[in-house]
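There are 2 protein chains.
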Amino acid sequence: MGEARQFLTLPGRFQMRQGGELQSPVIAYETWGELNAHRDNAVLIFTGMSPSAHAASSPADPAPGWWEEMVGPSKPIDTNRFFVICVNSLGSCFGSTGPASINPDTGEPYRLTFPVLNLEDVATAGKRLVDSLGISSLYSVVGPSMGGMSTLAFAVLFPEMARSLVLISTGARSLPFATALRSLQREMIRKDPDWQGGDYPLDAVPITGMRLARKLGMITYRSAEEWERRFGRERTAAERKSGDGFALDFEVESYLEHQAQKFTGQFDANCYLYLSRASDLFDLSDHGGSLQAALRKMQAERVLVIGVRTDFLFPIKQQYELAHGFEHAGRRVNLVDLPSIQGHDSFLADMDRFRPILCDFFNGDWQALNERCSAF
Amino acid sequence: MGEARQFLTLPGRFQMRQGGELQSPVIAYETWGELNAHRDNAVLIFTGMSPSAHAASSPADPAPGWWEEMVGPSKPIDTNRFFVICVNSLGSCFGSTGPASINPDTGEPYRLTFPVLNLEDVATAGKRLVDSLGISSLYSVVGPSMGGMSTLAFAVLFPEMARSLVLISTGARSLPFATALRSLQREMIRKDPDWQGGDYPLDAVPITGMRLARKLGMITYRSAEEWERRFGRERTAAERKSGDGFALDFEVESYLEHQAQKFTGQFDANCYLYLSRASDLFDLSDHGGSLQAALRKMQAERVLVIGVRTDFLFPIKQQYELAHGFEHAGRRVNLVDLPSIQGHDSFLADMDRFRPILCDFFNGDWQALNERCSAF
């Protein structure tokens, strides 16, 4: 498998929002398509918490990306027309500098000496990347989930950069229910004895804590409705053995087990802790004292907000709140309120509903888009 | 503090539904009020997973019970009129025989040698208790949450015993979403190294696993709406210290921490595992091949079903399903569909809504009750 990833080193000291700094951090990214002569056809994508910058395949790396159906030639974010950039968040572990990276000042991994991460830092790293590519105006910035909050941070810190925003299954802040769930995921990892206060060796990572956290993630990313349709009360194929009283009884348990096994080993535990907490710490109204003050700073002319009825990490009322706020700030806003049953993960799972919306948006077919939208 | 608990030993071998048996198990219970001359004024209460039989205070034990506002003289379940019995579930650890009890055959605690527990076993133990009190017809059997499933098991196994049923925030089976959450709670306990395959010493119980499981329980017992109103994004009083990057930031995290600390030490980990799994294993349609076949076996004339819109462990559609099914089976059914924001725990928290409903029901004021009910 080839390598499509590119790396940008930000020279000098990178100041973190909440204090502390990084020495010459690296930002990993991928691009698709070509920057046009006016340098004005770029689309920047911020990711959710766990994906890498590999949003889509390319000749250099033909492996399917996490948003393969959305990004590519003749796809909704059409790389025949747009120069698409996907950035691996600062603090992550897929090429960008994060807690698992070596601190050049010490020659040791940062681990918990990594400074507190905010999504504003993720946004600032994205801005430095865009600058380095010689781009001063983006057609759009797109972000699902945590990436949507990074997009909002980008738009409030660098208001002149984005001509439009696409905010998917996200919100202006984390609500206490989501914070409680993420806090518990972090505790599962920190309470795993193998976490060792963050100093685990790379050949003995806190697998148990990561697996539990991933399972809770899977439970909260989807919806009760979907699981009932998929699994019902189906029992696992294996006969229950006597003396094996707490083995997996139900298909839904096997599914979670399978998902957790896939995830483990991919993601560094300390990076997970930092990104998870950055999501909880984000509050757009920190920028000006109120949500409305923050939204008024942004200059994007057009905003597309997409939400899903069954999402309970970023419930639909958070997308209505954003749509209302942007409209109040004088922007052209489209809100799409989807009945997908796949919950928070619908932007990865219910492509038949998401594809046409982004297609209309990136084609500038406002009439077709309006017909898909909800009043708010 | 006095002892109001009484103990009944069931002599001989108690056969468990799914195989295995217990030697002379003990059932702990409390009673309030007096059995009348006709012996027909008894109300039996099955509890949720974690409470003891101490539903209400009494002269012998003045400590407030878990349903203190509901059970007592001139309270909704009025002990001036009714002889109220609350039973500690078989398999629990508050006086009834469970995995933490000594197996008389070995002199050692059962631990994981305790046979697989089903809610039908809990119901059968309740029946033996009622028999021992010389009661052959109960005014009502009442059960919230897991207790509602035990009530359904009781009603299908011993159809002639109950003249009415009160089913609160419960369902005819566990749905896969609830099973996934409970399965994860069990895994948190089992993955705690201190669990030691179930053989933990009593002075070194798996506290970490129990605390994590309790926190997840608290998250799922309440609702996102309630937490937003209660906590918003309030920060904890303590200033965040540098180098203390994963301390508790938000009030909602402190609240969970406090709740988890209260719970730990009260509940035996193995008992928790058995009762949690018994909830997942329950499916009323096992009794006759379909829900309708099971409901047709029951003889209770009147059924009150109460559900809460914000409950996502036993979502409101499960209470509608029960109400429809009972009506189809020819019973008089009242369904109350409550807008409480306290989620699954509303029957413990939103007493102002629950009290009048049970009041009308136990007063036999059907007209007043009808006015509180929803069409279905």
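Protein chains in written order, with the working numbering: chain A, -5 to 370; chain G, -5 to 370.
Glycine included, C-beta positions come from ideal geometry on N, C-alpha and C.
Predicted, not measured: the structure shown is a model, and the values here were computed from it.
{"Query": "Determine the burial state of Gly141 of chain A: buried for a count of at least 16 other Cβ atoms within 10 Å of its Cβ, exposed for fewer.", "Result": "buried"}
{"Query": "What residue from G:Ser368, G:Thr164, G:Lys209 and G:Ser51 has the CA that sits closest to Ser248 of chain G's CA?", "Result": "G:Lys209"}
{"Query": "For the segment 144 to 205 of chain G, list the beta strand (DSSP E) runs that are entirely contained and at least 3 residues long, ordered along the chain.", "Result": "158 to 162"}
{"Query": "Taking all protein chains shown into account, decide if Asp339 of chain G is buried (16 or more other Cβ within 10 angstroms of its Cβ) or exposed.", "Result": "buried"}
{"Query": "Per the DSSP calculation, Pro67 of chain A is bridged to which residue(s)?", "Result": "DSSP lists no partner for Pro67 of chain A."}
{"Query": "When we look at the beta-carbon of Thr3 of chain A and count the other beta-carbons within 10 Å, is it buried (16 or more) or exposed?", "Result": "exposed"}
{"Query": "To the nearest angstrom, how far is it from the Cα of Asp193 of chain G to the Cα of Pro138 of chain A?", "Result": "45 Å"}
{"Query": "Taking only beta-carbon atoms, is Ala174 of chain G less than 9 Å away from chain A?", "Result": "yes"}
{"Query": "Thinking just about the alpha-carbon of each residue, which of A:Phe244, A:Gln293, A:Arg7 and A:Ser368 is nearest to the one in Val301 of chain A?", "Result": "Sequence inspection shows Gly at residue 301 of chain A; the Val mentioned does not correspond to that position. Gly301 of chain A has its Cα closest to that of A:Ser368, out of A:Phe244, A:Gln293, A:Arg7 and A:Ser368."}
{"Query": "Taking the beta strand (DSSP E) that Tyr23 of chain G belongs to, which residues open and close that run?", "Result": "Val20 to Trp26"}
{"Query": "Are the C-beta atoms of Ala36 of chain A and some chain G residue less than 9 Å apart?", "Result": "no"}
{"Query": "Under a CB-based cut-off of 9 Å, is Gly226 of chain G close to chain A?", "Result": "yes"}
{"Query": "Could you give the DSSP three-state label for Gly59 of chain A: helix, strand or coil?", "Result": "coil"}
{"Query": "Starting from Thr3 of chain G and walking both ways along the beta strand (DSSP E), at which residues does that stretch end?", "Result": "Gln0 to Thr3"}
{"Query": "So, with DSSP's three-state summary, where would you put Ile79 of chain G?", "Result": "strand"}
{"Query": "Compute the beta-carbon to beta-carbon distance between Arg227 of chain A and Phe244 of chain A, rounded to the nearest angstrom, for a pair I have assumed lies under 8 Å.", "Result": "7 Å"}
{"Query": "Nearest to Ser273 of chain G by alpha carbon, out of G:Leu106, G:Arg180 and G:Glu62?", "Result": "G:Arg180"}
{"Query": "Beta-carbon within less than 7 Å of Glu62 of chain A's beta-carbon, same chain only, minus the 5 sequence neighbours each way: which residues are those?", "Result": "Ala50 and Ser51"}
{"Query": "Taking Cβ-Cβ distances below 8 Å as the criterion, which residues of the segment 124 to 138 of chain G are in contact with chain A?", "Result": "none"}
{"Query": "List in chain order: all unbroken alpha helix (DSSP H) runs of 4+ residues lying wholly within the segment 270 to 321 of chain G.", "Result": "285 to 291"}
{"Query": "Indicate whether at least one CB of chain G lies closer than 9 Å to the CB of Leu250 of chain A.", "Result": "yes"}
{"Query": "Could you give the distance in angstroms between the alpha-carbon of Val374 of chain G and the alpha-carbon of Asp188 of chain G?", "Result": "Residue 374 of chain G is absent from the structure shown; chain G starts at -5 and stops at 370."}
{"Query": "With distance defined between alpha-carbon atoms, name the residue in G:Pro5, G:Arg216, G:Glu315 and G:Asp344 nearest to Leu169 of chain G.", "Result": "G:Glu315"}
{"Query": "Ala218 of chain A touches chain G at which residues, Cβ-Cβ below 7 Å?", "Result": "Leu169, Phe171, Phe306 and Pro309"}
{"Query": "Compare the beta carbon distance of Leu146 of chain A and Thr118 of chain A with 9 Å and say whether it is the shorter of the two.", "Result": "no"}
{"Query": "Mark Phe1 of chain G as exposed unless 16 or more other C-beta atoms lie within 10 angstroms of its C-beta, in which case mark it buried.", "Result": "exposed"}
{"Query": "For a contact defined as C-beta to C-beta under 9 Å, what are the partners of Lys69 of chain G on chain A?", "Result": "Within 9 Å Cβ-Cβ: nothing; Lys69 of chain G doesn't reach chain A, min ~33 Å."}
{"Query": "If the criterion is Cβ atoms closer than 9 Å, does the pair Leu332 of chain G and Arg303 of chain G meet it?", "Result": "yes"}
{"Query": "Considering only the alpha carbon of each residue, which of A:Ala174, A:Ser131, A:Asp197 and A:Val110 lies closest to Leu159 of chain A?", "Result": "A:Ser131"}
{"Query": "Assess, as a yes-or-no matter, whether the segment 68 to 79 of chain G is touched by the segment 342 to 360 of chain G under the definition of 3 or more beta carbon pairs within less than 8 Å.", "Result": "yes"}
{"Query": "At a cut of 8 Å, does the segment 282 to 290 of chain A reach the segment 194 to 204 of chain A through at least three beta carbon pairs?", "Result": "no"}
{"Query": "Check the C-beta distance from Tyr23 of chain G over to Ile79 of chain G and give it rounded, since I have them as a contact under 8 Å.", "Result": "6 Å"}
{"Query": "Compare the Cα-Cα distances from His281 of chain A to each of A:Leu352, A:Thr173 and A:Val150 and report the closest residue.", "Result": "A:Val150"}
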